[in-house]
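Residue numbers (this note's numbering): 7 to 39. Backbone N, C-alpha and C define an ideal beta-carbon position, used for all residues, glycine too. Notes for the one structure printed next.
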Amino acid sequence: PNIRKVRANVDGTAKRINVCARCLRSGYVERAL
7 PNIRKVRANV DGTAKRINVC ARCLRSGYVE RAL
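Given below as structure tokens:
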């Protein structure tokens, strides 16, 4: 249940993807502004 739907930069474009909360804290994805 720790899946978050966030806007992240994927290949230079901002997309809404599902990432785990632990991945967000560990810097696995880059948050889009």
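Rounded to a whole number of angstroms, what is the C-alpha to C-alpha distance between residue 16 and residue 32?
-> Start at 1 with the first residue of the sequence shown, and residue 16 comes out as number 10. Start at 1 with the first residue of the sequence shown, and residue 32 comes out as number 26. Computed Cα separation, rounded: 17 Å.
Contact under 9 Å by Cβ, residue 12 with residue 22 | Taking the first residue of the sequence shown as 1, we reach residue 12 at position 6. Taking the first residue of the sequence shown as 1, we reach residue 22 at position 16. In this structure, residue 22 lies closer than 9 Å to residue 12 by Cβ.
Roughly how many angstroms separate the alpha carbons of residue 4 and residue 39, rounded to a whole number?
-> Nothing in the structure corresponds to residue 4, since the chain is present only between 7 and 39.
Just the C-alpha distance for residue 7 and residue 29, rounded to the nearest angstrom, thanks.
-> Residue numbering aside, residue 7 sits at position 1 when the sequence shown is read from its first letter. Residue numbering aside, residue 29 sits at position 23 when the sequence shown is read from its first letter. Cα to Cα, the separation comes out at about 13 Å.
In three-state terms, what does DSSP make of residue 27?
-> Position 21 of the sequence shown, counting from 1, holds the residue named residue 27. Of the three classes helix, strand and coil, the one that applies to residue 27 here is helix, per DSSP.
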